[in-house]
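Here's the structure we're looking at; comments come further down.
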Amino acid sequence: RASHTSHRSSDRYIHFKRKQLTSAKRVKLEKHETSWIPSQWKCLQENPKPSKEKRDCISESSSQQSSEVSSCQSTQQHQTELDSIFVELEEKFGTFVKNELQTIKMVLSADVAECTGSGKVGDERMCENKDQRSNREALVNITVRFLREIGQDKLADRLQKKTLAAVCQREVKSRLKQKFEYVFEGIAKAGNPALLNQIYTELYITEGGTGAVSDEHEVRQIETASRKAARPETTIRQEDIFKLPPGRHEPIRTVMTKGVAGIGKKLLTQKVVLDWAEDKANQNIHFMFPFTFRELNLLKEKTFSLVELVHHFFTETKEIWSFEEFQVVFILIGLDECRLPLDFHNTQILTDPAKSTSVDVVLINLIRGNLLPSARLWITTRPAAANQI
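Quick note: the sequence shown uses full-length UniProt numbering, first residue 1, plus one each step.
What follows is the structure, encoded as structure tokens:
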């Protein structure tokens with residue numbers, strides 16, 4: 001039994017050794033057997049084809065890397081373009097600011113009367129478009145703010161006032177142009193509108209009279225005039241109504257235009273105002289304010305100052321409370337239609353344009369020259385009503 005055990009034990013030992021040898025041989029054999037396989041096949045065996053998940057992962061990784069590179073290049077290109085654009089912007093800004101500051105300096109270096117002798121307040125360029133005006137006004141506002149920051153409040157106030165007047169003038173001109181550009185032919189507004197500049201016929205205007213008024217009926221005046229011996233007459237062009245005649249040195253403050261009903265007095269005033277609004281004539285005048293007595297009659301029971309009266313009819317000027325610095329023309333149309341009590345003998349004297357009173361008192365003192373003596377007046381009337389003044 002012991003021998004049998006010994007034999008079985010020996011057999012197990014031999015079998016164990018055989019296993020080790022077999023394993024070693026197997027490794028050696030495998031190496032030997034694979035030595036004839038081509039290198040590319042070995043590569044495929046050592047690096048087997050990746051699974052679908054791995055292929056997707058590799059593809060996504062490659063795409064992400066490519067996208068990052070492309071995005072980086074795009075960002076760099078965009079930054080380069082921005083740098084180039086802003087260099088050009090800086091040049092344009094610099095040129096614009098330099099030119100406009102030079103203009104502002106010229107405006108501030110002169111009195112209002114000198115720098116606005118053309119009638120364009122604050123050297124306003126009326127031919128520019130809306131965007132150009134907006135840019136200029138924005139720069140002026142910035143300049144006003146910086147002037148205050150460096151303690152130049154007086155200069156800031158002057159610049160602000162002139163700029164404000166320029167804006168108001170432009171808006172008044174625009175409104176008057178819109179109002180008088182077209183006229184309606186026929187009864188009231190039943191006819192078709194026509195351009196005033198196309199249908200207007202110049203009136204034959206003659207100079208005559210020094211303020212003396214005839215109360216003779218206008219028909220008899222025509223008859224009397226026709227019987228008078230022919231004598232030389234001085235004709236006046238519509239754009240020269242306020243120009244000084246030869247030999248006269250004092251400025252003309254008040255002009256009265258007399259004419260029979262329907263001759264075209266009102267149309268004449270509209271044409272003069274339209275030419276001013278379109279920058280064709282009288283550009284030495286800063287503001288023209290036409291009033292009709294029909295409109296003024298409606299304010300008979302109300303009180304206004306002269307400034308408030310202007311603001312009432314021309315809301316564009318509400319930011320201006322003093323007109324002494326500007327050349328202003330008041331046009332009073334249709335004195336023969338006036339229903340206000342114009343008493344030039346018993347009316348109180350008024351010299352403050354900001355003081356409120358009745359409209360007739362304001363008009364009387366304006367005509368007398370107590371209010372805004374620097375202003376000019378143009379009154380139109382039928383001959384029979386001229387004696388009210």
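For glycine and all other residues, C-beta sits at the position ideal for the given N, C-alpha and C.
- Identify whether residue 391 lies in helix, strand or coil by the three-state DSSP scheme. Residue 391 lies beyond the residue range present for the chain, which begins at 1 and ends at 389; the question has no answer from this structure.
- Query: My guess is that Val183 and Trp378 are in contact by the Cβ rule of under 8 Å, so how many angstroms apart are they, rounded?
  - Reply: Position 183 of the sequence shown, counting from 1, holds the residue named residue 183. Position 378 of the sequence shown, counting from 1, holds the residue named residue 378. With a Cβ gap of about 19 Å, Val183 and Trp378 do not count as contacting.
- Please name the residue, chosen from Ser174, Ala385 and Gln152, that lies closest to Lys130 on a Cα-to-Cα basis. By one-based count along the sequence shown, residue 130 stands at place 130. Checking every option, the nearest Cα to that of Lys130 belongs to Ser174.
- Query: In three-state DSSP terms, what is Ile320?
  - Reply: The residue given as residue 320 occupies position 320 in the sequence shown. DSSP places Ile320 in coil when its eight states are reduced to three.
- Message: Three Cβ pairs or more, each shorter than 8 Å: is that satisfied between the region 327-340 and the region 285-299?
- Response: yes
- Message: Here's a check: name, in chain order, each residue in its chain whose Cβ is nearer than 8 Å to the Cβ of Leu147, leaving out the five neighbours to either side.
- Response: Start at 1 with the first residue of the sequence shown, and residue 147 comes out as number 147. These residues qualify, in order along the chain: Asp153, Leu155, Ala156 and Leu159.
- Task: State the CB to CB distance for the pair Leu363 and Leu372, rounded to an integer number of angstroms; the pair is presumed to be in contact (CB under 8 Å).
- Result: The residue you call residue 363 lines up with position 363 of the sequence shown. The residue you call residue 372 lines up with position 372 of the sequence shown. Not confirmed; about 12 Å, so no contact.
- Query: What's the gap between the Cα of Glu181 and the Cα of Leu274?
  - Reply: Start at 1 with the first residue of the sequence shown, and residue 181 comes out as number 181. Start at 1 with the first residue of the sequence shown, and residue 274 comes out as number 274. Rounded to the nearest angstrom, the two C-alpha atoms are 7 Å apart.
- Task: Look at Ile333 and Thr269 and say whether their C-beta atoms are less than 7 Å apart.
- Result: In the sequence shown, counting from the first residue as 1, residue 333 sits at position 333. In the sequence shown, counting from the first residue as 1, residue 269 sits at position 269. Closer than 7 Å, so yes.
- Residue range of the beta strand (DSSP E) that residue 477 falls in? Examination of residue 477 is not possible in this model, given that the chain is present from 1 through 389 alone.
- Query: Taking the continuous beta strand (DSSP E) assigned at Ala138, which residues delimit it?
  - Reply: To locate residue 138, count along the sequence shown from 1; it is residue 138. Unbroken run through Ala138 is the alpha helix (DSSP H), Lys130 to Glu149; no beta strand (DSSP E).
- With a CB to CB cut of under 6 Å and the five nearest residues on each side skipped, what residues in its chain are close to Leu203? As a position in the sequence shown, residue 203 is number 203, starting the count at 1. Once the five neighbours on either side are set aside, the close Cβ partners of Leu203 are Gly264 and Leu268.
- Would DSSP call Ile389 helix, strand or coil? For the purposes of this step, residue 389 is taken as the residue at position 389 of the sequence shown. The answer is coil: DSSP assigns Ile389 none of H, G, I, E or B.
- If you draw a straight line from the C-alpha of Leu139 to the C-alpha of Glu100, how long is it? On the sequence shown, position 139 is the one that residue 139 refers to. On the sequence shown, position 100 is the one that residue 100 refers to. Going by the C-alpha atoms only, they are around 8 Å apart.
- Task: Keeping to the same chain, check which residues put their C-beta closer than 7 Å to that of Leu108; ignore five residues upstream and five downstream.
- Result: Indexing the sequence shown from 1 puts residue 108 at position 108. The residues are Leu155, Arg158 and Leu159.
- Item | Delimiting residues of the beta strand (DSSP E) encompassing Leu195 | Looking up residue 195 in the sequence shown gives position 195. Unbroken beta strand (DSSP E) run through Leu195: Pro193 to Leu195.
- Cβ-Cβ separation, Phe289 to Phe242 (assumed contact under 8 Å), whole Å: Taking the first residue of the sequence shown as position 1, residue 242 is located at position 242. Taking the first residue of the sequence shown as position 1, residue 289 is located at position 289. Actually they are not in contact, since the Cβ atoms of Phe242 and Phe289 sit about 14 Å apart, beyond 8 Å.
- Message: Quick check on the DSSP output: the beta strand (DSSP E) that includes Leu342 runs from which residue to which?
- Response: Sequence index remark: in the sequence shown, residue 342 carries index 342 (1-based). Looking at the DSSP string, Leu342 is not in any beta strand (DSSP E), and its letter there is neither H nor E.
- Rounded Cβ spacing between Ser356 and Thr303 (contact assumed at less than 8 Å): Reading the sequence shown from its first residue, position 356 is the one you call residue 356. Reading the sequence shown from its first residue, position 303 is the one you call residue 303. Contact holds; Cβ gap of about 5 Å.
- Keeping to the same chain, check which residues put their C-beta closer than 7 Å to that of Trp276; ignore five residues upstream and five downstream. Sequence index remark: in the sequence shown, residue 276 carries index 276 (1-based). Result list for Trp276: Asn282, Ile285 and Met288, in chain order.
- Val260 by DSSP, collapsed to three states: which one? Indexing the sequence shown from 1 puts residue 260 at position 260. If DSSP states are grouped into helix, strand and coil, Val260 belongs with coil.
- Query: Which residues in the same chain as Ile349 place their Cβ atom closer than 7 Å to its Cβ, once the five residues preceding and following it in sequence are excluded?
  - Reply: Working through the sequence shown from its first residue, we reach residue 349 at position 349. Hits under 7 Å: Asn365 and Asn370.
- For Ser353, count neighbouring C-beta atoms within 10 Å of its own C-beta (all shown protein chains included) and say buried if the count is 16 or more, exposed if not. Mapped onto the sequence shown, residue 353 falls at position 353. According to the sequence provided, residue 353 is Pro. The question's Ser does not apply to it. Result: buried.
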